[in-house]
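Visitor: Taking our numbering, the leading residue of the sequence shown gets 1337, the next gets one more, and so forth. If you scroll down you'll find the structure; I have some questions about it.
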Amino acid sequence: MAPSTLFRSEEMSLIQLFIPSEVSRITVSHLGEKGLIQFRDLNPSLSSFQRSFVSEIKKLDDLERQLRILSEEAEKQDIPIPACEYDSPEVARPRTIREIDDLHELLNENEQRILQLNSSYSILQKQYYELIEQHLVLQETGVFFQEAHAQESEIVRSSVDVPQTRALLTTDVEAGEPSSHPAVGFVAGVMPRQKINTFERILWRSLRGNLFMKQSEIAEPLWDAHSDSNIDKNVFIIFSHGKELLAKIRKTAEAMGASLYPIDDTPEERRAHAIRISARIEDIKNIMESNNQTRRDELSKISNDLSAWFNVVKKEKALYHVMNLFNYDRNRKCLIAEGWCPTNELKDLQSTLKEASENAGASVYPIMSELQTKKTPPTYHRVNKFSSGFQSIVDAYGIARYGEVNPGLFTVISFPFLFAVMFGDLGHGIILSAIAGWMCYKEKALKKFSGGEMFSMMYDGRYIILLMGLFSIYTGFIYNDIFSRGMHLAPSSWEWPVPTAEKQPVEARYVGGTYYFGLDHAWHHTDNFLLFTNSYKMKMSVIFGVLQMSFGVILTNYNHVHFNHKFAIWAEFIPQILFMLCIFGYLSVTIIYKWLTNWSNSSISPPSLLNMLIYMFLSPGSVEEKDQLYPGQGTVQLALILIALVCVPWMLLAKPLVLKSRNKRKTHHVANDATKPNDPPKITDGENGEGSEEVNQIFTEEMEEEEPFDFGEIMIHQVIHTIEYCLNCISNTASYLRLWALSLAHAQLSSVLWEMILELCYSMAFPLNIVSIFLGFTIWFVLTLGILLVMEGLSAFLHALRLHWVEFNGKFYEGSGHKFTPFSFKTLFDNSEEQ
């Protein structure tokens, strides 16, 4: 496979389509099914209301509104709406304009029918609750009148000797006497309970106490038309003198949201009225049930098709939105479209255009032509379900420029490996791999599961987690670590003599041999285990960092060659790689050399590499005998420093001077060219030879002016780049020490959990230890999952992400491109919220 296929995005072509008007919809529909073209907007100066298919989109918006209303009504009636996938036969089939019109008529009929039923139900519901309230008012006021007449009889019996005394409810007319003062009247109704006290105080103050009010709470909440909900209400009746006071009471009650109802004068009339209301309530209740059942039947008929209709309308809207990007050539009666397509998909595109015309039964075919352009194409990396997660990590940093080296290929291995260096534990790696393996095995079932944003992120990165777990198993074997315990996989190279006294420290003796794989398990029982692993992991982190950063610098050569900047190989790459290797590459070599040297047979102790690196710059060319690592060390270090110093002005001046020289030659060549600038090419109609303004505008947009050469700007940019690179070589190398720090933290946390929980449970006396072991294991396992796998795992993931974004990608990856986003129904429905 060619390096360009491995490292870079796929080659893109700018294509132009001439689509006859009669097959435009079905052609764009077939292109949406394939997802081959990212269309360009050929009408950037037009607003969305000035485009060709605004009326069609408005019509589809109205269809969507109707479907939304019908769906909401079905949900209110608890009618299930079966989901319909976008690729189902009833959705995937292209629809004609006549079918869309028929759907519009059908939805209009259903909408009008449902709205009519809703309106009738609302009127019946209002009448029903008004009758309920009136019935309750008659019941409660009947009690009030009975109490009032009982009081009246008592007053009449006690006032035989005082004929001037008269009950409140007895009017002058009822007494058979001429009216000498206003008659007593009453107002009855229903009011929300929360307003009744305020209402009583207002009346008492406005009428100056000239009223008598009785109220009673209604046991069950009643429907309220103003709030469209059930609220608590009270029945009230107010007695007062005079028409003016009664009118004032009525206005105040209506202003406070009360419902007033007339009450008959005699008990017989009130009973007859209550009977008529009860019968009316039953009639309206039956009508409401019939209305509701009819509405449910209507919604049930269309509920199975609502989801499919939604998808059809969504597809049609997408078609017209895309067609609004095209130009309309009135002379040719066709739509002109432009877009980017992968070059190796051009044959598939041609067959799709032919298939669309054949399905439409048309005698004309769309015409495709490939255009030459200087515009930068979008970036397209072909991925599958395994590599998509790793490519997302790269795209989160920035989309690659067209033709730029894609770090996604290397991230597949380097990312889980650096994670495992920080997370290395055999037991934790097995748990992580088991979880990810289960998600990969059940991926089809879990794809439809809605588990929240966190679960969605884990599901999308299931293959990343799987590789992180597998690499953690590998590093767990290297560290010889399973839940912070050592594994006796082979005989140790060390032995301990029997101590002569209790708790007497002893020194292990080296008995020869090499532990066949990873770290000797004997180190887990020593007092200096932490010192040994600290030194080992810290130096290992430096070596890994230098290797990855050097590889990142090497990858810049592919960009230099691809973008025709071959001079940058000797102007940038060679000084950069020499500067890094002369300092940090040399440090890595000395680390390995020190590891390979048997210092037990040496007369001197092993020197400190950190001091060696410091004095390499403070006292170049001279090394003290006690700090000497190998013969001739001073001369070698002096030569490396001189080479590194030469690389700084090399990086600073070479590229700007080469660019200045090239621009000078180019300017001289243009000045000697006597030809006049040509006008943009004209595209003429094949029939009458007249120019097409729309097509000529397309080619005029392709004429791009080159930016003027500014040596000062280039020099400033190169100074910043040189300083940044030199400083980053130091800071980025130190940044890789996070591999050591997080590995140490992970191992120590695992050890603390084991010793503070499980070992404490093991040490208890029988039979208490049996119960404590079960309880302790549960606590230990929950904390292991929560702290070590989730929290520590997330921390290691983020640190590995930073090492790739900054330390690795920063060496060669610009990430200033834009992603290839073809018109695709699959993308439309998968990301419906974003669309």
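Where a beta carbon is used, it is the ideal one built from N, C-alpha and C, also for glycine.
Work out the CA separation of residue 1656 and residue 1392 for me, nearest whole Å.
Guide: Locating residue 1392 in the sequence shown gives position 56, where the first residue counts as 1. Locating residue 1656 in the sequence shown gives position 320, where the first residue counts as 1. Roughly 7 Å separates the two Cα atoms.
Visitor: Determine the closest residue to residue 1579 out of 1593, 1520, 1644, with distance taken between C-alpha atoms.
Guide: The count along the sequence shown starts at 1 and reaches residue 1579 at position 243. When each option's Cα is compared against that of residue 1579, the closest is 1520.
Visitor: When DSSP labels each residue in this structure, what does residue 1397 get in the three-state scheme?
Guide: Along the sequence shown, read from residue 1 onward, the residue named residue 1397 stands at position 61. Note: residue 1397 maps to helix in three-state DSSP.
Visitor: What would DSSP say about residue 1894, mapped onto helix, strand or coil?
Guide: By 1-based counting over the sequence shown, the position of residue 1894 is 558. Note: residue 1894 maps to helix in three-state DSSP.
Visitor: Assuming residue 1933 and residue 1948 make a contact with CB atoms under 8 Å, what is their CB distance in whole Å?
Guide: Residue numbering aside, residue 1933 sits at position 597 when the sequence shown is read from its first letter. Residue numbering aside, residue 1948 sits at position 612 when the sequence shown is read from its first letter. Distance from residue 1933 to residue 1948 at the Cβ level is roughly 14 Å; contact not present, criterion being Cβ atoms closer than 8 Å.
Visitor: Decide if residue 1952 is buried, meaning its Cβ has at least 16 other Cβ atoms within 10 Å, or exposed.
Guide: Residue mapping note: residue 1952 aligns to position 616 of the sequence shown, counting from 1. So residue 1952 counts as buried.
Visitor: The alpha helix (DSSP H) with residue 1815 in it runs from where to where?
Guide: Translated into the one-based positions of the sequence shown, residue 1815 becomes position 479. Its alpha helix (DSSP H) spans residues 1798-1815.
Visitor: I'd like to know if the segment 2078-2089 and the segment 2126-2138 are in contact, where contact means that at least 3 CB-CB pairs between them fall below 8 Å.
Guide: Contact between the segment 2078-2089 and the segment 2126-2138 is established, with three or more Cβ pairs separated by less than 8 Å.
Visitor: Name the two residues that bound the continuous beta strand (DSSP E) containing residue 1526.
Guide: As a working note, residue 1526 is residue 190 in the sequence shown. From DSSP, the beta strand (DSSP E) with residue 1526 extends over 1520-1528.
Visitor: Restricting to Cα atoms, I'd like to know which of 2058, 1958, 2067, 2159 is closest to residue 1982.
Guide: Working through the sequence shown from its first residue, we reach residue 1982 at position 646. Here the closest residue by C-alpha is 2058.
Visitor: Using the beta-carbon count (16 or more within 10 Å), is residue 2003 buried or exposed?
Guide: Position 667 of the sequence shown, counted from the first residue, corresponds to residue 2003. Residue 2003 is exposed by the Cβ-count criterion.
Visitor: Please state whether the Cβ-Cβ distance between residue 1388 and residue 1660 is less than 8 Å.
Guide: Here residue 1388 is taken as the residue at index 52 of the sequence shown, counted from 1. Here residue 1660 is taken as the residue at index 324 of the sequence shown, counted from 1. Contact: yes.
Visitor: In whole angstroms, what is the alpha-carbon distance linking residue 2163 and residue 1421?
Guide: On the sequence shown, position 827 is the one that residue 2163 refers to. On the sequence shown, position 85 is the one that residue 1421 refers to. The alpha-carbon atoms of residue 2163 and residue 1421 are separated by roughly 13 Å.
Visitor: Considering just the uninterrupted stretch of the alpha helix (DSSP H) at residue 2136, what are its terminal residues?
Guide: Counted from its first residue, the sequence shown places residue 2136 at position 800. 2128-2138 is the span of the alpha helix (DSSP H), which, as asked, contains residue 2136.
Visitor: Give me the DSSP bridge partner(s) of residue 1577.
Guide: For this step, residue 1577 is matched to residue 241 along the sequence shown. 1520.
Visitor: Between the C-alpha atoms of residue 1807 and residue 1861, what's the straight-line distance to the nearest angstrom?
Guide: Counted from its first residue, the sequence shown places residue 1807 at position 471. Counted from its first residue, the sequence shown places residue 1861 at position 525. Going by the C-alpha atoms only, they are around 26 Å apart.
Visitor: Buried or exposed: where does residue 1717 fall if 16 or more other Cβ atoms within 10 Å of its Cβ makes it buried?
Guide: As a working mapping, residue 1717 is identified with position 381 in the sequence shown. By the 10 Å Cβ count, residue 1717 comes out buried.
Visitor: What does a CB cutoff of less than 7 Å around residue 1670 pick up in its chain, not counting 5 residues either side in sequence?
Guide: Position 334 of the sequence shown, counted from the first residue, corresponds to residue 1670. Same-chain partners within the cutoff: 1354, 1355, 1356, 1357.
Visitor: Roughly how far, in whole angstroms, is the beta-carbon of residue 1681 from the beta-carbon of residue 2139, given that I think they are within contact range, below 8 Å?
Guide: By 1-based counting over the sequence shown, the position of residue 1681 is 345. By 1-based counting over the sequence shown, the position of residue 2139 is 803. Wrong, their Cβ atoms sit about 35 Å apart, outside the cutoff.
Visitor: Nearest by alpha-carbon distance to residue 1419: which of 1647, 1610, 1553 is it?
Guide: Position 83 of the sequence shown holds residue 1419. Among 1647, 1610, 1553, the Cα nearest to that of residue 1419 is on 1647.
Visitor: Of the choices 1733, 1654, 1689, 1829, whose alpha-carbon is the least far from that of residue 1400?
Guide: Position 64 of the sequence shown, counting from 1, holds the residue named residue 1400. Nearest option by C-alpha distance: 1654.
Visitor: Helix, strand or coil for residue 1669 per DSSP?
Guide: Within the sequence shown, the letter at position 333 stands for residue 1669. If DSSP states are grouped into helix, strand and coil, residue 1669 belongs with coil.
Visitor: When the Cα of residue 1930 is compared with those of 1918, 1695, 1963, 1956, which residue comes out closest?
Guide: Within the sequence shown, numbered from 1, the residue matching residue 1930 stands at position 594. Checking every option, the nearest Cα to that of residue 1930 belongs to 1963.
Visitor: Report yes if the CB atom of residue 1747 is closer than 8 Å to the CB atom of residue 1882, and no otherwise.
Guide: Here residue 1747 refers to the residue found at position 411 of the sequence shown. Here residue 1882 refers to the residue found at position 546 of the sequence shown. No; because the gap between Cβ atoms is not below 8 Å, this pair is not in contact.
Visitor: In the DSSP output, which residue or residues are listed as bridge partners for residue 1558?
Guide: Taking the first residue of the sequence shown as position 1, residue 1558 is located at position 222. Residue 1558 pairs with 1567.
Visitor: With respect to the beta strand (DSSP E) encompassing residue 1549, which residues constitute its N-terminal and C-terminal limits?
Guide: As a working mapping, residue 1549 is identified with position 213 in the sequence shown. Taken as a continuous stretch (DSSP letters only), the beta strand (DSSP E) holding residue 1549 covers 1548-1553.
Visitor: At what residues does the beta strand (DSSP E) containing residue 1312 begin and finish?
Guide: Nothing about residue 1312 can be read from this structure; the chain reaches only from 1337 to 2171.
Visitor: DSSP three-state label for residue 1534, please.
Guide: On the sequence shown, position 198 is the one that residue 1534 refers to. Helix.
Visitor: Using a 10 Å radius around the Cβ and a threshold of 16 neighbouring Cβ atoms, would you call residue 1311 buried or exposed?
Guide: Look at the range of the chain in this structure, 1337 to 2171, and you will see that residue 1311 is not part of it.
Visitor: If you follow the beta strand (DSSP E) that residue 1386 is part of, which residue opens it and which one closes it?
Guide: On the sequence shown, position 50 is the one that residue 1386 refers to. First-last for residue 1386: undefined, no H or E at that position.
Visitor: State the DSSP-derived secondary structure class of residue 1420, mapped to helix, strand or coil.
Guide: The sequence position of residue 1420 within the sequence shown is 84, counting from 1. In this structure, residue 1420 counts as coil in the three-state DSSP scheme.
Visitor: Taking the straight line between their C-alpha atoms, what separation do you get for residue 1907 and residue 2157?
Guide: Residue mapping note: residue 1907 aligns to position 571 of the sequence shown, counting from 1. Residue mapping note: residue 2157 aligns to position 821 of the sequence shown, counting from 1. Computed Cα separation, rounded: 36 Å.
Visitor: Start and end of the beta strand (DSSP E) containing residue 2099?
Guide: In the sequence shown, counting from the first residue as 1, residue 2099 sits at position 763. No beta strand (DSSP E) contains residue 2099, which DSSP labels as neither H nor E.
Visitor: Cα separation between residue 1993 and residue 1897?
Guide: By 1-based counting over the sequence shown, the position of residue 1993 is 657. By 1-based counting over the sequence shown, the position of residue 1897 is 561. Within the model, the alpha-carbon separation for residue 1993 versus residue 1897 is close to 19 Å.
Visitor: Mapping DSSP to helix, strand and coil, what is residue 1843?
Guide: In the sequence shown, counting from the first residue as 1, residue 1843 sits at position 507. It is coil, neither helix nor strand.
Visitor: Out of 1683, 1665, 1851, which one is the CA nearest neighbour of residue 1378?
Guide: One-based indexing of the sequence shown puts residue 1378 at position 42. For the residues 1683, 1665, 1851, the minimum Cα distance to residue 1378 belongs to 1665.
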